[in-house]
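These protein sequences, in sequence, are chains A and B.
With the working numbering, the residue at position 71 of the first sequence is 71, and numbering never jumps.
With the working numbering, the residue at position 153 of the second sequence is 1153, and numbering never jumps.
Okay, so here's the structure we're looking at.
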Amino acid sequence: MNADWLRSGTVTDWLRPGIVLVSAATLLIMIATGAGAPWRMLFALWFVLVCPGLSLVGVLGLRDRFVELVVVAPLSLAVVTLTSLALFYGGVWTPDLEFGLLLWLCLAGLIWSHPGSRRNVMGET
Amino acid sequence: MVSAPPGTQPTLEAAEHRSRRTVILEQGQYLLLPVAALAVWAASLPGINPRAMNDLGLISVLPWQTWLAFGLLTLGFIACWQRADQLTWLLVVHVLLLVIMLYGLPVLITHEPSGPIVFRHAGITENLIRTRVVNTRIDAYFSWPGFFMGLASLVKFAGAPSALSFATWATVAFNLLFLPPLLLLARTLTRDPRLVWGMIWLFYAANWINQDYLSPQAFGYLFYLTILGLLLTYFRPHGTDLDWGGRLTRRLRTLLRVRAAEVPHPVISRWPTAAVIMLVVLLYFATVASHQLTPFAILLGVTALVLIGECTARGLPLVMAVILTLWITFVARGYISGHLGHLLGGVGDITQAATANVTARISGSAQHLLVIRERLFLSGGLWLLALLGAARRFRSGHADHAAAALCLAPLLLFGMQAYGGEMLLRIYFFMLPFVAFFATAALLPGRRSASTAPARLPAAIRDHAAITAFGLTIVVVLAACLVALYGNERVDYFTPGERAAIAFAYGQARPGSTFAVEQSYLPWKYTGYDQHHYLSVSSMLSEQHPPSPAQALGRISQALRPGPGNPAGFVILTRSQRIYAETFGGLLSPGYLARFEQLLRKSPHFLLVYSNPDAKIYLRLPG
Chain A
1 MNADWLRSGT
11 VTDWLRPGIV
21 LVSAATLLIM
31 IATGAGAPWR
41 MLFALWFVLV
51 CPGLSLVGVL
61 GLRDRFVELV
71 VVAPLSLAVV
81 TLTSLALFYG
91 GVWTPDLEFG
101 LLLWLCLAGL
111 IWSHPGSRRN
121 VMGET
Chain B
1001 MVSAPPGTQP
1011 TLEAAEHRSR
1021 RTVILEQGQY
1031 LLLPVAALAV
1041 WAASLPGINP
1051 RAMNDLGLIS
1061 VLPWQTWLAF
1071 GLLTLGFIAC
1081 WQRADQLTWL
1091 LVVHVLLLVI
1101 MLYGLPVLIT
1111 HEPSGPIVFR
1121 HAGITENLIR
1131 TRVVNTRIDA
1141 YFSWPGFFMG
1151 LASLVKFAGA
1161 PSALSFATWA
1171 TVAFNLLFLP
1181 PLLLLARTLT
1191 RDPRLVWGMI
1201 WLFYAANWIN
1211 QDYLSPQAFG
1221 YLFYLTILGL
1231 LLTYFRPHGT
1241 DLDWGGRLTR
1251 RLRTLLRVRA
1261 AEVPHPVISR
1271 WPTAAVIMLV
1281 VLLYFATVAS
1291 HQLTPFAILL
1301 GVTALVLIGE
1311 CTARGLPLVM
1321 AVILTLWITF
1331 VARGYISGHL
1341 GHLLGGVGDI
1351 TQAATANVTA
1361 RISGSAQHLL
1371 VIRERLFLSG
1381 GLWLLALLGA
1391 ARRFRSGHAD
1401 HAAAALCLAP
1411 LLLFGMQAYG
1421 GEMLLRIYFF
1431 MLPFVAFFAT
1441 AALLPGRRSA
1451 STAPARLPAA
1461 IRDHAAITAF
1471 GLTIVVVLAA
1481 CLVALYGNER
1491 VDYFTPGERA
1501 AIAFAYGQAR
1511 PGSTFAVEQS
1521 YLPWKYTGYD
1531 QHHYLSVSSM
1541 LSEQHPPSPA
1551 QALGRISQAL
1561 RPGPGNPAGF
1571 VILTRSQRIY
1581 AETFGGLLSP
1591 GYLARFEQLL
1601 RKSPHFLLVY
1611 SNPDAKIYLR
1621 LPG
């Protein structure tokens, strides 16, 4: 077995959205049901470290899987920090609003970076 | 296309299957040492008693099995490092184990976050969650609150009681997060896998300065590494880019003999180039909002790269300087205007910086002095080795100007501010990846060009000599790091009894009450950050006319006296405060503490309301 499946369009096209959507949905359910430690802590940490970065890294068009992997966590943390910053200084920070905003950003990033939509938006294939 | 003759396909597949099995079995042998190291390390943990530590720190209670475990891991790493071009995944395994074993050891022994600062960070986060307002009047942290705001969101998403839930394993987590950008950086500096992995190992084995806990500086450091890695990946110069700039810049590059980098950088179109710049700016903005010092280190590094022509994003330093200035002018204005004299007072004063960073820190008990001297030898030795490596690399024609610039740029921070006597530590941290790069390079066999004389020794012998030198060096560095890294653990260790006492105090105290201590070194301020006043005897002793124990108690008694709008205060005595005085010395001597505590016990104004073997709490009575 080799890593060709990683490079094939079909799998990678859906891998990122799959990871992000499943992670976000799981955390959403945990928050809604009031689930406690340790699983919710682990999922929240995973979400904050991975999901925003994984959604948005495709937008950058880096074409280098390793650099993309490097960037995921710092980009995620920067997005979470800056959205929190904006909401706090705007005087409207609540955890729910922050989570909602992050979900929308993830969704926007996934839509923008998905090959189908990129053809439309950026004229690239 | 020519198809394979019938019958040959299964034979080829079988051969491929066999060879893959051989490779797996062969590489699997390299797992024996790390697995053994992990097993020995894990088995050694239950026997370690943190209460028995002396001023040498955790190493004073480490059994020989723990040392053996680190030895086995290092041996395993050296075995894989020899074939670094083929055994990448095994090197990753070794580095991950090093991070877990080295940085996870104190956590598994004490089960608590180390040191008082992390408790304060939890308190700032709690304040933001509770008030949802950024009150810059509380202290400097609230002028750079980005990290704490992100942490507040994480705490709420996780449904955790406080940020302390994440603090225990934060050091391990941050060091794991540093690995990918470190690899990216290393990949931009060299194509030699042995140099890459030697650099990574040395980075972790020499990172003794304890700035990787749940803190804005650890958070900012991740961005520091990522920004530099991205710039060196995507913005290295082509040959013609080096002709850019005015006469002075070109002369500087000629003087330094700057050439295009050895590692080819990817050619990307305009959109990804713009996107990487936007990403760098985004990461920088998050750093500026989170930490006072790291943005300056990044700015210095990027400016140095641009000046020597190693970064083609020439407008970036200006953009970064504008972001930094805007933040300081508009957001951190409250803090800056109140402390301008203090902040600018030390600029350019190298003597003051040297006193605060070196001379003033060499104090304490005999065992602690041993640890301090060992740290100085470790750091100095590594810097000397790096200097040797840099000389070797440049003499053998490598274009390592970027690494050299990034190694030297943080030194400019030294004269900027004493930073509470911690500036040298931070500089060491910012330099460390590049110091580790050059230090490893010092131990590798040099490259020989056709014009130079033939080697005096055969290649095989030179290679063995390099492996032996590298092996011995990393064994010595790791052993020295265990002493340096764990050297403060006796002071930083807070027992469950101390934690329980502080929880009791917060449970009893009403908003507005004052907590008085001997030394501000205890697990406090994690809740009600803005709701209480704090007072310490050690701060009184730094005044021009230090009070006697009786006078100090009198002042505390006055400050804690209950009255209208002033709830009764508490005096908190803990084991860690006494240990701090014993280890670090200073004005608050054990004799002073003994007298102070004797007077407190006899005072009719104070009532002992809580006591366990590690802590006592006295309530100030009315009158």
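From the three backbone atoms N, C-alpha and C, an ideal C-beta is built for every residue, glycine too.
- Taking 8 angstroms as the CB threshold, T81/A lines the interface with chain B.
- Taking 8 angstroms as the cut-off, the beta carbon of E1498/B is found no closer than this to the beta carbon of T1583/B.
- Nearest CB-CB separation between I111/A and chain B: not below the 8 angstroms threshold.
- Spatial neighbours of I31/A in its own chain (CB-CB distance under 8 angstroms, excluding positions within 5 residues in sequence) are listed in chain order as R40 and F99.
- Close partners of R1132/B in chain A (Cβ separation under 8 angstroms): F88, G91, W93 and T94.
- Sequence-distant partners of W1383/B (beyond 5 residues in either direction) whose C-beta falls short of 7 angstroms from its own C-beta, in its chain, are V1435.
- Comparing alpha-carbon positions, the option among L1068/B, D1192/B and M1053/B lying closest to V1061/B turns out to be M1053/B.
- The Cβ atoms of P95/A and K1156/B sit closer than 8 angstroms to each other.
- For a cut-off of 8 angstroms, the C-beta gap from P1445/B to A1460/B is around 10 angstroms, too long to register as a contact.
- Cβ proximity to chain A below 7 angstroms picks out nothing from the region 1186-1200 of chain B.
- Annotated three-state conformation of R1395/B is helix, per DSSP.
- Residue G1471/B holds the alpha-carbon nearest to the alpha-carbon of C1080/B among L1600/B, G1471/B, T1325/B and Q1519/B.
- Boundaries cannot be given for I1209/B, as no alpha helix (DSSP H) includes it and DSSP labels it neither H nor E.
- The beta-bridge partner set that DSSP reports for Y1580/B is empty.
- Along the region 1139-1157 of chain B, the positions whose C-beta sits under 8 angstroms from a C-beta of chain A are P1145, G1146, F1147, M1149, G1150, A1152, S1153, L1154, K1156 and F1157, read in chain order.
- Within the same chain, and ignoring the five residues on either side of H114/A in sequence, the residues whose Cβ sits closer than 8 angstroms to its Cβ are D13, P17 and G58.
- Annotated as distal: S1290/B and G1334/B, with beta-carbon spacing of 8 angstroms or more.
- The three-state reading of DSSP puts T1074/B in helix, counting H, G and I together.
- If you check the CB distance, Q1211/B and L1425/B come in under 8 angstroms.
- The Cβ atoms of Y1610/B and F1504/B sit closer than 8 angstroms to each other.
- Judged by their CB atoms, W1208/B and L1378/B are nearer to each other than the 8 angstroms cut-off.
- Contact annotation for P1181/B against chain A: V70 and P74 [CB-CB distance below 8 angstroms, chain order].
- For H1094/B, the enclosing alpha helix (DSSP H) has its first and last residue at T1088 to T1110.
- Neighbours of A37/A in chain B, taken as residues at a C-beta separation under 8 angstroms, are given in chain order as A1158, G1159, A1160 and S1165.
- Not a single C-beta of chain B is nearer than 8 angstroms to the C-beta of A24/A.
- Cα atoms of Q1217/B and Y1419/B: separation of roughly 13 angstroms, rounded to the nearest angstrom.
- Secondary structure note for V80/A: its alpha helix (DSSP H) is the uninterrupted segment R65 to Y89.
- Within its own chain, the residues whose Cβ lies closer than 6 angstroms to the Cβ of A1403/B, once the five positions on either side in sequence are excluded, are L1189, F1434 and F1437, listed in chain order.
- Linking A1500/B to D1614/B through their CA atoms gives a straight-line distance of about 10 angstroms.
- The Cβ atoms of G53/A and S76/A lie closer than 8 angstroms to each other.
- Contact between the region 1163-1171 of chain B and the region 1148-1155 of chain B is present, with at least three C-beta pairs closer than 8 angstroms.
- In summary, the residues of the region 1284-1300 of chain B whose CB is separated from some CB of chain A by less than 7 angstroms are F1285, A1286, A1289 and S1290, in the order they occur in the chain.
- Taking a C-beta distance under 8 angstroms as the contact criterion, P1549/B and F1596/B qualify as a contact pair.
- The straight-line gap separating the alpha-carbon atoms of Y1428/B and G1123/B is approximately 28 angstroms.
- Within its own chain, the residues whose Cβ lies closer than 7 angstroms to the Cβ of P1523/B, once the five positions on either side in sequence are excluded, are P1116, F1119, F1494, E1498, R1499 and I1502, listed in chain order.
- Membership of L1185/B in the alpha helix (DSSP H) is indicated by the continuous run A1170 to L1189.
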